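Novice:
2 protein chains.
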Amino acid sequence: MPRKPRVRSGSGVTMHDVAKAAGVSAITVSRVLNQPQQVSEPLREKVMQAVDALGYVPSRSASTLASARSRTVLVLIPSLANTVFLETLAGIETVLDAAGYQMLIGNSHYDAGQEFQLLRAYLQHRPDGVLITGLSHAEPFERILSQHALPAVYMMDLADDGRCCVGFSQEEAGAAITRHLLSRGKRRIGFLGAQLDERVMKRLDGYRAALDAAGCRDAGLEWLDPQPSSMQMGADMLDAALAARPDCDALFCCNDDLAIGALARSQELGIAVPERLAIAGFNDLQPAAWCTPTLTTVATPRRDIGVHAARALLRLIDGEEPESRRADLGFRLMLRRSS
Amino acid sequence: MPRKPRVRSGSGVTMHDVAKAAGVSAITVSRVLNQPQQVSEPLREKVMQAVDALGYVPSRSASTLASARSRTVLVLIPSLANTVFLETLAGIETVLDAAGYQMLIGNSHYDAGQEFQLLRAYLQHRPDGVLITGLSHAEPFERILSQHALPAVYMMDLADDGRCCVGFSQEEAGAAITRHLLSRGKRRIGFLGAQLDERVMKRLDGYRAALDAAGCRDAGLEWLDPQPSSMQMGADMLDAALAARPDCDALFCCNDDLAIGALARSQELGIAVPERLAIAGFNDLQPAAWCTPTLTTVATPRRDIGVHAARALLRLIDGEEPESRRADLGFRLMLRRSS
DNA sequence: TTGTAAGCGTTATCAC
DNA sequence: GTGATAACGCTTACAA
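Sequences listed follow chains A and B, in order.
Going by UniProt numbering, the first sequence opens with residue 1, and the numbers climb by one from there.
Going by UniProt numbering, the second sequence opens with residue 1, and the numbers climb by one from there.
#1: List the endpoints of the continuous alpha helix (DSSP H) containing B:D212.
#2: What residues are listed by DSSP as bridge partners for A:Y122?
#3: Does chain A have any CB closer than 8 Å to the CB of B:A194?
#4: Which complete beta strand (DSSP E) runs does the segment 105 to 163 of chain B hold, if anything under 3 residues is left out?
#5: Just reading off the beta strand (DSSP E) that B:D328 is part of, what are its end residues?
#6: By DSSP, does B:P2 sit in helix, in strand, or in coil?
#7: At least one CB of chain A closer than 8 Å to the CB of B:M16: is that the case?
#8: Measuring CB to CB, does residue 355 of chain A end up less than 8 Å from A:C253?
#9: So which of A:A66, A:V130 and A:R44 has the shortest CA-CA distance to A:L76?
#10: What residue from A:D304, A:R326, A:L316 and A:R311 has the CA that sits closest to A:V95's CA?
#11: Check distances from the C-beta atoms of the UniProt domain "HTH lacI-type" (13 to 67) of chain A to those of chain B and list, in chain order, the residues that come in under 9 Å.
#12: Going by CA-CA distance only, name the one from A:D52, A:L65, A:V57 and A:L54 that's closest to B:P58.
#13: Looking at the C-beta of A:Q124, does it have a partner C-beta in chain B at a distance below 8 Å?
#14: Using a threshold of 8 Å, state whether the C-beta atoms of A:G270 and A:T88 are closer than that.
#15: Roughly how many whole angstroms lie between the Cα atoms of A:W290 and A:H109?
#16: The alpha helix (DSSP H) spanning B:T294 covers which residue range?
#17: Three or more C-beta pairs under 8 Å: does that hold for the segment 231 to 241 of chain B against the segment 255 to 262 of chain B?
#18: Distance cutoff 8 Å, beta carbons only. Does B:G220 sit that close to anything in chain A?
#19: Tell me, please, which residues DSSP counts as bridged to B:D225.
#20: Helix, strand or coil for A:I271, going by three-state DSSP, please let me know.
#21: Within the 8 Å Cβ cut-off, does B:C165 reach chain A?
#22: Let me confirm a value: B:D249 is counted as buried when at least 16 other C-beta atoms fall within 10 Å, else exposed. Which label applies?
#23: Any C-beta of chain B sitting closer than 8 Å to the C-beta of A:P228?
#24: Taking only beta-carbon atoms, is A:T178 less than 8 Å away from chain B?
#25: Would you mind sorting B:N159 into buried or exposed? The rule is 16 or more other CB atoms within 10 Å of its CB.
#26: Give the straight-line distance between the Cα atoms of A:F331 and A:I189, rounded to the nearest whole angstrom.
#27: What whole-angstrom Cβ distance do A:F53 and A:A26 have, given they're in contact under 8 Å?
#28: Against chain A, with Cβ distances strictly below 8 Å, would B:M237 count as a contact?
#29: Using the C-alpha atoms, what's the distance from B:D318 back to B:K4?
#30: Just to confirm before moving on: does the CB-CB distance between A:P127 and A:V166 stay below 8 Å?
#31: Determine, for A:M233, whether the minimum Cβ-Cβ distance to residues of chain B falls below 8 Å.
#32: DSSP three-state call for A:A66: helix, strand or coil?
#33: How is B:T28 classed by DSSP in three states: helix, strand or coil?
#34: Please report the straight-line C-alpha distance between A:M1 and A:L123, rounded to a whole angstrom.
#35: Relative to the alpha-carbon of B:T133, which residue among B:L80, B:D257, B:G100 and B:R184 has its alpha-carbon at the smallest distance?
#36: In the DSSP assignment, what are the bridge partners of B:N34?
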């Protein structure tokens, strides 16, 4: 004795409806959609006509449930407000789209605790893999990853413990731009840092190493603020830095936002850049090439990181080895007028 | 006779496992997770302990399939490379997160055809509703929306046909900034436009209306390029504009990127801004307050648009009426040194 | 307040 | 090459 039918999702057209309309069985419809070569030409045509005629849209939930594959990838980023991660997302998108995968975006707000919660929450969707920003994560985060045997690729930095990663050496980049300032004759080079996430701290390490090597490191020239960075903050930090150390002759800012704010304030104060004070940023965002004076900075291959990371993840998901488990995409110094 | 068991998704723990561990039935576990107040205190505790002990993560696919609700919202934006939409996403995220909804992000690349394909593709996830950027869409796009009876909220602009929308009048904003330039004594005010999407064209309409009202509209002062905008393009367009019309005494750029590029080029060329040439942008992105000279522009409430649109959509999904079917969040003129 | 049975729409398995 | 049948993990409807 049949019961009251339930509410249907979507427009209500199911694979069975298509099958009936085409005069075949449901499984044949499934094959036409997923492994067309296994179905004979005439049946394939009939089925496709029925699909179009009925406006049939397959249900991902049903497919995921039945096949234990969601064709979905979770992307964990620390912020939606930072162009750097957006361009990475854009790169990821091109690859996943082409492969028929869709991405779920999780924003951790630079918080390891939230990142863990996000992972747990998104696990409900049974993603086939995860793209992760950065290498350091909460202990339960890593544990849950391995518990669920989730293929993962780490982005933006280079791991040395066998985890699959795509990025560049944040430390080496920090050292390289610092050496550039040294090569310009600067000796009292300061560091402005905000947010203080993992990558900023590595750039700081690189800066310190370069100055140590040159014998002119000075701990009193480091200004660090855990708040999110902004141009306003760059301006404020410049004021604080010059008040404390008027002898400072160069500044490496941990990102372009800080640098542009510092640059603008220097202009206001009539400080000669780069003669009296050289300024360098990090990331090479668009405004770096258009501020006054133009900003010396480090160009980072964030879009490519997204592309390569997504490709590597798809291979892991398919049980293959990625081309490289540790892809170093490098960085480029963009030498402009501010140094 | 039982068959070979299938592969399990996730870590393999199901609601039945939890039920067994807690000595209750599966439906009770479901209730503890979804309507806790319907379950007695002691049972609730036992179940929660079992959930934690087993590390159980519910399957969204199974839930969606059984309940015909995905607790998922599709967000359609024209670009992932534009800060404006990111901030909108961030606003949406706060509201959806709090309500236990997750968002699927579809990037149409400013292409109505792709937008339609995206909608079709994401329909596989059976989203409970859609947040849409802009008012103009392909005909099949609107058709599919109504076929599937999908609750929808349109963002960024104001509709006059009863569609639920959250935004501000792009046209009025374009007119307002133009009137400001008029009030500064400018009379040969040019327009620089890129991308030429719906919103840019409405700003252009507003610009034209304001100049018509003042009796000084001049069709020779409009420069339009369908390519995506960039600071480089702003610089190039400034060159072209001044070459064609050296008498031009102000420029309204359709967004801040163009304006900042034009501003930077003006500085290079030694053109006095705003005396000889005033420049205004649109959106008030962060660099607008930090370029030289600072940029006059229109501040748009994009984050709030996201927040309000998401709230309205959740109400529609629940079958209630939103607070307003046409929420005008306004805009603000940011008058700075470039005018 | 709790449980039973059926069914959501698809795919894996096995048979023809 | 095609089809019948049984899962997949959960929630609805209904009963106790």
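Note that beta-carbon positions come from the ideal geometry of N, C-alpha and C, so glycine has one too.
All of these numbers come straight from a predicted model, not from anything done at the bench.
Specialist: On the basis of the supplied data:
#1: Looking at the DSSP string, the run of the alpha helix (DSSP H) that includes B:D212 is E198 to A214.
#2: Answer is none; A:Y122 lacks a bridge partner.
#3: Not one chain A Cβ lies under 8 Å of B:A194.
#4: Whole beta strand (DSSP E) segments, 3+ residues: 129 to 133 and 152 to 156.
#5: Run containing B:D328: R326 to D328, per the beta strand (DSSP E) assignment.
#6: Per-residue confidence for B:P2 stands at a pLDDT of 37, beneath the threshold of 50, marking its modelled position as unreliable; no derived number is given.
#7: Checking the sequence shown, residue 16 of chain B turns out to be His, not Met. So, not an interface residue.
#8: The question about residue 355 of chain A has no answer, for chain A in this structure spans 1 to 339.
#9: It is A:V130 whose Cα lies nearest to the Cα of A:L76.
#10: Nearest of A:D304, A:R326, A:L316 and A:R311 to A:V95, Cα basis: A:R311.
#11: Those residues of the UniProt domain "HTH lacI-type" (13 to 67) of chain A placed with their C-beta closer than 9 Å to a C-beta in chain B are G55, V57, P58, S59, R60, S61, A62, S63, T64, L65, A66 and S67, ordered along the chain.
#12: With distances taken between Cα atoms, B:P58 lies closest to A:L65.
#13: At least one beta carbon of chain B lies nearer than 8 Å to the beta carbon of A:Q124.
#14: Going by C-beta atoms, A:G270 is not nearer than 8 Å to A:T88.
#15: Looking at the backbone, the Cα of A:W290 and that of A:H109 are separated by about 29 Å.
#16: B:T294 -> no alpha helix (DSSP H), and no H or E assigned at all.
#17: Yes, the segment 231 to 241 of chain B is in contact with the segment 255 to 262 of chain B.
#18: It does not: the Cβ of B:G220 has no partner Cβ on chain A nearer than 8 Å.
#19: DSSP lists B:A194 as the bridge partner or partners of B:D225.
#20: Reduced to three states, the DSSP call for A:I271 is coil.
#21: Closer than 8 Å: no.
#22: Buried, since its Cβ has 16 or more Cβ neighbours within 10 Å.
#23: It does not: the Cβ of A:P228 has no partner Cβ on chain B nearer than 8 Å.
#24: Not closer than 8 Å to any Cβ of chain B, the Cβ of A:T178 fails to qualify, so no.
#25: Checking the sequence shown, residue 159 of chain B turns out to be Ala, not Asn. Classification for B:A159: exposed.
#26: A:F331 and A:I189: Cα-Cα distance of roughly 21 Å.
#27: It should be noted that the sequence gives Ala, not Phe, for residue 53 of chain A. The Cβ separation is near 17 Å, so there is no contact.
#28: For B:M237, the answer is no, since every Cβ of chain A falls outside 8 Å of its Cβ.
#29: For B:K4, the predicted model reports a pLDDT of 45, less than 50, meaning its position is unreliable and no value from the coordinates is stated.
#30: The answer is no: Cβ separation not under 8 Å.
#31: No - not a single Cβ of chain B is within 8 Å of the one on A:M233.
#32: Helix, per DSSP.
#33: Residue state, collapsed to three classes: helix.
#34: A caution first: A:M1 carries a pLDDT of 30, below 50, which makes its placement in the model unreliable, though a value can still be read off. Distance between the alpha carbons of A:M1 and A:L123: 38 Å.
#35: For the residues B:L80, B:D257, B:G100 and B:R184, the minimum Cα distance to B:T133 belongs to B:L80.
#36: Answer by DSSP bridge pairing: none, since B:N34 is not bridged.
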